Amino acid sequence: AQSVTQLGSHVSVSEGALVLLRCNYSSSVPPYLFWYVQYPNQGLQLLLKYTSAATLVKGINGFEAEFKKSETSFHLTKPSAHMSDAAEYFCAVSGKDTGFQKLVFGTGTRLLVSP
Amino acid sequence: DTEVTQTPKHLVMGMTNKKSLKCEQHMGHRAMYWYKQKAKKPPELMFVYSYEKLSINESVPSRFSPECPNSSLLNLHLHALQPEDSALYLCASSLFQGRNSYEQYFGPGTRLTVT
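Those protein sequence lines, which keep their order, are chains B and H. Following the numbering used here, the numbering of the first sequence begins with 5 at its first residue and continues without gaps. Following the numbering used here, the numbering of the second sequence begins with 43 at its first residue and continues without gaps.
If you want it as structure tokens, here you go:
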């Protein structure tokens, strides 16, 4: 079955520092991978998605992620953190194993940004 | 317009009450979803509708009853809920086309409290 693992339930960075949120996937078939962000008491917002068209995916708000098949990873990065980036981030996978309509979420990573 | 709307934003109900949550989208999406999210956890899929037909029920108790009256609307009818059903209920929608996985667009959620 397809699944994702997010390493680190909390990540703390200073404003202006590099953001790196880790996601590793498990899949026997090419997966579809997504990153979502959730601000307090809000729904989820799509940051970016990987659908095999390109391994480096650029998303909104300056975020990007690189699909690395050899490492089964899809880490999320942003060169310079802003205070407004503080939120919960979820990596998710779907595809043939889970069912194309099912998103399987990781446990989430809370990003804390200090001034 | 990439907006999914949900009403009400907050709902408090007793265990003997009957209430309904409403979700609406006008993106032409033919797949719609209900998720339940407990605090500090990822969303859990409850139901999926594809072309107004229930296609996935994740073994949800019968006190939750979904309905899809047309391609833009999704309801979740609630009856005889338990305090442990208190959560954020998220609606989402996406394109649907057989063996492809598309990003889901989430609404802001309904915060449900069962007393």
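Here a beta-carbon is modelled for each residue, glycine too, at the ideal position from N, C-alpha and C. Values in this document were obtained by computation on a predicted structure and should not be read as measured data.
Cβ of residue i within 8 Å of any chain H Cβ
i      : result
B:Y36  : yes
B:L116 : no
B:Q6   : no
B:S98  : yes
B:F94  : yes
B:G47  : yes
B:G66  : no
B:G12  : no
B:G110 : yes
heavy atom of the ligand PLP below 7 Å from residue i C-beta
i      : result
B:F104 : As presented, the structure is devoid of all ligands, the ligand PLP included, so that no description of it is given.
Selection from the options that minimises the alpha carbon distance to residue i
i      : options                           : result
B:N28  : B:F94, B:A90 and B:L51            : B:F94
B:A91  : B:G66, B:E75 and B:N45            : B:N45
H:K78  : H:L130, H:E45, H:P150 and H:L137  : H:L130
B:V108 : H:P85, H:R72, H:I98 and H:L123    : H:P85
H:M69  : H:L118, H:I98 and H:T47           : H:T47
H:K60  : H:F148, H:C133, H:E126 and H:L118 : H:L118
Integer Cβ distance of residue i from residue j, believed to fall under 8 Å
i      : j      : result
B:A85  : B:G20  : 6 Å
H:G56  : B:G47  : Not a contact, Cβ separation roughly 26 Å.
H:L53  : H:L154 : 5 Å
H:E100 : H:L87  : 5 Å
B:L37  : B:T81  : Incorrect: roughly 14 Å between the Cβ atoms, too far for contact.
B:V15  : B:T113 : 6 Å
Chain H contact residues for residue i, given Cβ-Cβ distances below 7 Å
i      : result
B:K62  : Going along chain H, no residue has its Cβ under 7 Å from B:K62, so there is no contact; the nearest lies around 15 Å.
B:T113 : Neighbours of B:T113 on chain H: none; closest Cβ ~11 Å, over 7 Å.
Closer than 7 Å at the beta carbon, the chain B residues around residue i
i      : result
H:E145 : F38, L50 and K53
Chain-ordered chain B contacts of residue i [CB-CB under 8 Å]
i      : result
H:V156 : Those do not exist, as H:V156 stays about 18 Å from chain B at its closest Cβ, beyond 8 Å.
H:S92  : Q105
H:F138 : Q105
H:L87  : K106 and L107
Any chain B beta carbon closer than 8 Å to residue i
i      : result
H:N142 : yes
H:L53  : no
H:A73  : yes
H:L132 : yes
H:P84  : yes
H:P103 : no
Listed by chain order, chain H residues near residue i by CB distance under 9 Å
i      : result
B:S16  : Ordered by position in chain H, no residue passes the 9 Å Cβ test against B:S16, which lies about 17 Å from the chain.
B:F140 : With chain B covering 5 to 119 only, the question about residue 140 of chain B has no answer from this structure.
B:S32  : What B:S32 touches in chain H: nothing, since even the nearest Cβ is about 15 Å away.
Within chain D, the residues that residue i reaches when beta carbons sit closer than 8 Å
i      : result
H:P150 : No chain D appears in this structure, whose protein chains are B and H.
TODO: Scan the stretch 98-140 of chain H and note each continuous beta strand (DSSP E) run of 3 residues or more that stays entirely inside, going in chain order.
DONE: 106-112, 115-121 and 129-136
Open item on the list: Just to confirm the assignment: which complete beta strand (DSSP E) runs, minimum length 3, are found wholly within the stretch 81-110 of chain B?
Closed with: 91-99 and 103-109
Task: Secondary structure, alpha helix (DSSP H): runs of 4+ residues fully inside the stretch 21-71 of chain B - done: none
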